[in-house]
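**Student:** Below you will find the structure I want to go over with you.
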Amino acid sequence: MPPATLPAPSVTVRSRPRPGQHPSSSGRVPGVLLDAALLSTGFDDVAVKARDVEKRGYAALWASEVQHDPFLQLLAAGHATERLQVGTAIAVAFARSPMTLAHTAYDLQRYTQGRFVLGLGTQIKAHVQRRFSMPWTAPAARMREFVGALHAIWNAWQQSSPLRFEGEHYRHTLMTPMFSPPAHDWGAPPVYLAAVGPLMTRLAGEVADGLLVHGFTTGRYLRERTLPALEEGLAAAGRSREQVAVTLPGLVVSGRTEEEMAAAAAAVKETIAFYGSTPAYRPVLALHGWEALADELHALSVSRREDKWTAMRDLVDDEVLGTFAVVAEPEGVAAGVRERYTGLVDRFSVYASYPAPLELWDPLAAAFR
Numbered sequence: 001m002p003p004a005t006l007p008a009p010s011v012t013v014r015s016r017p018r019p020g021q022h023p024s025s026s027g028r029v030p031g032v033l034l035d036a037a038l039l040s041t042g043f044d045d046v047a048v049k050a051r052d053v054e055k056r057g058y059a060a061l062w063a064s065e066v067q068h069d070p071f072l073q074l075l076a077a078g079h080a081t082e083r084l085q086v087g088t089a090i091a092v093a094f095a096r097s098p099m100t101l102a103h104t105a106y107d108l109q110r111y112t113q114g115r116f117v118l119g120l121g122t123q124i125k126a127h128v129q130r131r132f133s134m135p136w137t138a139p140a141a142r143m144r145e146f147v148g149a150l151h152a153i154w155n156a157w158q159q160s161s162p163l164r165f166e167g168e169h170y171r172h173t174l175m176t177p178m179f180s181p182p183a184h185d186w187g188a189p190p191v192y193l194a195a196v197g198p199l200m201t202r203l204a205g206e207v208a209d210g211l212l213v214h215g216f217t218t219g220r221y222l223r224e225r226t227l228p229a230l231e232e233g234l235a236a237a238g239r240s241r242e243q244v245a246v247t248l249p250g251l252v253v254s255g256r257t258e259e260e261m262a263a264a265a266a267a268v269k270e271t272i273a274f275y276g277s278t279p280a281y282r283p284v285l286a287l288h289g290w291e292a293l294a295d296e297l298h299a300l301s302v303s304r305r306e307d308k309w310t311a312m313r314d315l316v317d318d319e320v321l322g323t324f325a326v327v328a329e330p331e332g333v334a335a336g337v338r339e340r341y342t343g344l345v346d347r348f349s350v351y352a353s354y355p356a357p358l359e360l361w362d363p364l365a366a367a368f369r
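Quick note: the sequence shown uses the numbering used here, first residue 1, plus one each step.
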């Protein structure tokens with residue numbers, strides 16, 4: 001496999017315009033990398049999708065832990081490509097031991113020759129306890145310790161030094177040569193953390209190489225809530241903004257015909273309604289004065305109405321849709337992304353909750369090249 005040429009984001013983040021700086025009028029999206037999401041639920045087309053994404057100039061391909069193991073999918077994607085970064089967005093940290101995850105991530109970083117990004121999230125209490133049968137404690141404190149354990153393990157392998165990590169939740173104090181993988185030229189992979197609330201966002205600023213922003217966000221929420229919390233974490237750790245890549249899967253409504261646009265809008269409204277019904281995401285709606293909408297969505301979500309999901313979608317009007325999503329024909333998506341997110345994010349991918357061929361986003365990809 002030829003050596004990778006795309007630098008890890010923990011080493012280089014493109015210079016960004018300051019928040020509030022007027023976007024470029026050249027048609028390009030300045031200072032932002034365009035990524036893609038692996039929406040496949042299987043393995044048959046992973047290699048084909050990865051090669052297509054790389055050919056079209058995308059910077060990275062992200063896989064989520066949903067129905068399949070994202071690490072196995074990214075192994076296939078990494079094998080099929082030469083420059084494309086591959087990363088998890090997200091893998092569930094608390095479903096695993098730091099040691100087992102350290103091995104997987106370290107090996108993928110070596111196999112892809114430095115192109116792997118480890119994106120971690122906490123999941124929620126019910127899934128961690130009832131689906132994964134793992135313990136649940138205060139997530140931000142536990143994640144801080146988890147990331148610290150990962151780095152302690154990787155450092156022991158890279159430096160051939162004794163392993164001694166002792167925390168409240170994790171203890172790693174044994175590493176013999178038989179079980180220690182050899183050091184390699186690419187070192188530990190960058191670690192990105194998913195965050196919605198201020199505690200986890202501040203933690204990302206303190207200990208992570210990247211922040212994985214949830215797609216249920218708005219430009220205003222990024223400016224007024226997410227980035228200030230990130231800056232607090234950076235300041236606490238004595239770090240600079242350039243050391244953390246802010247990554248956003250942004251909601252987009254697009255299509256080549258009126259029918260496709262209408263179907264896309266309906267699908268994205270359903271997505272907004274789904275997340276808006278969850279108490280964890282209420283602060284995003286509250287910032288815009290939409291507490292009543294949050295209440296209505298939640299009440300419907302726990303009701304026994306057979307048509308509740310359709311009714312929830314219908315509560316999301318075009319103003320709410322346009323606040324959360326870029327709504328434009330394919331040729332206009334880049335301008336919408338540029339206007340909304342320049343100076344706020346470092347990496348962007350399209351979050352399309354409807355069938356959309358990759359070529360639909362070719363005008364967008366051209367603006368990032």
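Think of the CB as a built atom: it goes at the ideal place given N, C-alpha and C, for glycine as much as any other residue. Note that the structure is predicted; figures quoted are calculated from it, not measured.
For the stretch 73-82 against the stretch 97-111, do three or more pairs of beta-carbon atoms, one drawn from each stretch, fall closer than 8 angstroms, so that the two count as touching?
**Tutor:** The stretch 73-82 vs the stretch 97-111: in contact.
**Student:** Under DSSP, the alpha helix (DSSP H) around D295 begins and ends at which residues?
**Tutor:** Walking along the sequence shown from the start, residue 295 turns up at place 295. Taken as a continuous stretch (DSSP letters only), the alpha helix (DSSP H) holding D295 covers E291 to S301.
**Student:** Does the Cβ-Cβ distance between D209 and V244 come in under 8 angstroms?
**Tutor:** On the sequence shown, position 209 is the one that residue 209 refers to. On the sequence shown, position 244 is the one that residue 244 refers to. In this structure, V244 lies closer than 8 angstroms to D209 by Cβ.
**Student:** How would you write the range of the beta strand (DSSP E) that P182 sits in, first residue to last?
**Tutor:** Position 182 of the sequence shown, counted from the first residue, corresponds to residue 182. Here P182 belongs to no beta strand (DSSP E), and DSSP marks it neither H nor E.
**Student:** What number of angstroms, rounded off, separates the C-alpha of E270 from the C-alpha of V213?
**Tutor:** As a first step, residue 270 is located in the sequence shown; it is residue number 270 there, counting from the start. As a first step, residue 213 is located in the sequence shown; it is residue number 213 there, counting from the start. For E270 and V213, the distance between alpha carbons rounds to 20 angstroms.
**Student:** Excluding the five sequence neighbours on either side, which residues of its own chain have a C-beta within less than 6 angstroms of the C-beta of P139, listed in chain order?
**Tutor:** For the purposes of this step, residue 139 is taken as residue 139 along the sequence shown, with counting starting at 1. The residues are T122.
**Student:** Evaluate S133 with the Cβ neighbour count: other Cβ atoms within 10 Å of its Cβ, from every protein chain shown; 16 or more gives buried, anything less gives exposed.
**Tutor:** Counting from one through the sequence shown, the residue named residue 133 turns up at place 133. With fewer than 16 other Cβ atoms within 10 Å, it is exposed.
**Student:** Helix, strand or coil, according to DSSP, for W62 in the structure here?
**Tutor:** Within the sequence shown, the letter at position 62 stands for residue 62. In this structure, W62 counts as strand in the three-state DSSP scheme.
**Student:** Are the stretch 153-173 and the stretch 191-208 touching by the rule of at least three beta carbon pairs closer than 8 angstroms?
**Tutor:** Too few Cβ pairs lie closer than 8 angstroms, so no.
**Student:** Just how far apart, CA to CA, sit S26 and T217?
**Tutor:** Here the question's residue 26 lines up with position 26 in the sequence shown. Here the question's residue 217 lines up with position 217 in the sequence shown. Low confidence applies here, because S26 scores a pLDDT of 45, under 50, leaving its location unreliable and the question unanswered by this model.
**Student:** State the start and end residues of the unbroken alpha helix (DSSP H) segment that holds V207.
**Tutor:** Along the sequence shown, one-based indexing puts residue 207 at 207. V207 -> alpha helix (DSSP H) spans P198 to V207.
**Student:** Going by DSSP in three states, E306 sits in which element: helix, strand or coil?
**Tutor:** The sequence position of residue 306 within the sequence shown is 306, counting from 1. The answer is coil: DSSP assigns E306 none of H, G, I, E or B.
**Student:** Can you tell me the Cβ-Cβ gap for V316 and A356, rounded? I've got them flagged as a contact below 8 angstroms.
**Tutor:** Within the sequence shown, residue 316 is the residue found at index 316, counting from 1. Within the sequence shown, residue 356 is the residue found at index 356, counting from 1. At roughly 19 angstroms, the Cβ-Cβ gap does not stay under 8 angstroms, so V316 and A356 are not in contact.
**Student:** Between which residues of its own chain and H330 is the CB-CB distance below 6 angstroms, once the five residues before and five after are set aside?
**Tutor:** For this step, residue 330 is matched to residue 330 along the sequence shown. This sequence places Pro at residue 330; His is not what is there. So the qualifying residues of the chain are S254, L360 and P363.
**Student:** Any contact between the stretch 139-156 and the stretch 99-109? By contact I mean 3 or more CB pairs, one from each, below 8 angstroms.
**Tutor:** Yes, the stretch 139-156 touches the stretch 99-109.
**Student:** If I follow the unbroken alpha helix (DSSP H) through V147, where does it start and stop?
**Tutor:** Translated into positions along the sequence shown, residue 147 becomes position 147. That run of the alpha helix (DSSP H) goes P139 to Q159.
**Student:** For M200, count neighbouring Cβ atoms within 10 angstroms of its own Cβ and tell me buried if that reaches 16, exposed if not.
**Tutor:** As a position in the sequence shown, residue 200 is number 200, starting the count at 1. Answer is buried; the Cβ neighbour count reaches 16.
**Student:** On the premise that F368 lies in contact with V29, defined as a C-beta separation below 8 angstroms, what is that separation, rounded to the nearest angstrom?
**Tutor:** Within the sequence shown, numbered from 1, the residue matching residue 29 stands at position 29. Within the sequence shown, numbered from 1, the residue matching residue 368 stands at position 368. With a Cβ gap of about 5 angstroms, V29 and F368 count as contacting.
**Student:** If you run the structure through DSSP and keep just helix, strand and coil, what is D362?
**Tutor:** In the sequence shown, counting from the first residue as 1, residue 362 sits at position 362. Residue state, collapsed to three classes: helix.
**Student:** My output table needs one value for T271: the three-state DSSP class, helix, strand or coil.
**Tutor:** The residue labelled residue 271 in the question sits at position 271 within the sequence shown. Correct three-state label for T271: helix.
**Student:** If the criterion is Cβ atoms closer than 8 angstroms, does the pair L34 and A63 meet it?
**Tutor:** Stepping through the sequence shown from its first residue, residue 34 is reached at position 34. Stepping through the sequence shown from its first residue, residue 63 is reached at position 63. No; because the gap between Cβ atoms is not below 8 angstroms, this pair is not in contact.
**Student:** Find out if the Cβ-Cβ distance for the pair G219, L251 is shorter than 8 angstroms.
**Tutor:** The residue given as residue 219 occupies position 219 in the sequence shown. The residue given as residue 251 occupies position 251 in the sequence shown. Their beta carbons are not under 8 angstroms apart, which means G219 does not touch L251 by this criterion.
**Student:** Just to confirm my understanding: we take L287, look at its own chain, exclude 5 residues before and 5 after, and list those with CB closer than 6 angstroms. What are they?
**Tutor:** In the sequence shown, residue 287 corresponds to position 287, counting from 1. Only Y221 meet the Cβ criterion.
**Student:** Between the Cα of H298 and the Cα atoms of G87, Y275 and R96, which residue gives the shortest distance?
**Tutor:** Counting from one through the sequence shown, the residue named residue 298 turns up at place 298. H298 has its Cα closest to that of Y275, out of G87, Y275 and R96.
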